[in-house]
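Since the structure comes first, as structure tokens, the remarks are kept for the end.
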Amino acid sequence: MCMENYAITISKDEEVRHFEIGEYMHHVEDKCKYRVYENGAYVASFTPDDHDFLQICQNPGQVDEEILHLLADKIETHHPHGINDNIRRLKL
């Protein structure tokens, strides 16, 4: 079951890319929890690790890894419970 998708914009080196994120509430351990779409096509997915940090699960769209890390940061920030916000602030 997927919650309503939401949009995330990533800017890197003057390039702006728009993604749509689908979050799957009933996450199964061996399945990816967050699916990423660009222009309607499935391009990547993430799964939380044991500490709720997102890890790349699949990358069929061959998205640059730096873009994927920026996406993971924004997805974590978008999470309604603010997972990892305090830890991330301490790293800055």
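Per the working numbering: the sequence shown = residues 1 to 92.
We put the beta carbon where it would ideally sit given N, CA and C, even for glycine.
Arg35 versus Asp13: straight-line alpha-carbon distance, rounded: One-based indexing of the sequence shown puts residue 35 at position 35. One-based indexing of the sequence shown puts residue 13 at position 13. Taken atom to atom, the span from the alpha-carbon of Arg35 to that of Asp13 is near 24 Å.
Buried/exposed call for Ser45, threshold 16 Cβ in 10 Å: Here the question's residue 45 lines up with position 45 in the sequence shown. Sixteen is the threshold: when 16 or more other Cβ atoms of the shown chains lie within 10 Å of the Cβ of Ser45, as they do, the residue is buried.
Closest residue to Phe53 among Cys32, Phe19 and Ala7 (Cα-Cα distance): Here residue 53 corresponds to residue number 53 of the sequence shown, with the count starting at 1. The candidate whose alpha carbon is nearest that of Phe53 is Cys32.
Proximity winner among Phe19, Tyr42, His78 and Asp50, relative to Ile67 (alpha-carbon distances): Position 67 of the sequence shown holds residue 67. Of the candidates Phe19, Tyr42, His78 and Asp50, the one whose C-alpha sits nearest the C-alpha of Ile67 is Phe19.
Same chain only: Cβ atoms within 7 Å of Asn5, ignoring 5 sequence neighbours per side: Within the sequence shown, residue 5 is the residue found at index 5, counting from 1. Hits under 7 Å: Glu20, Ile21 and Gly22.
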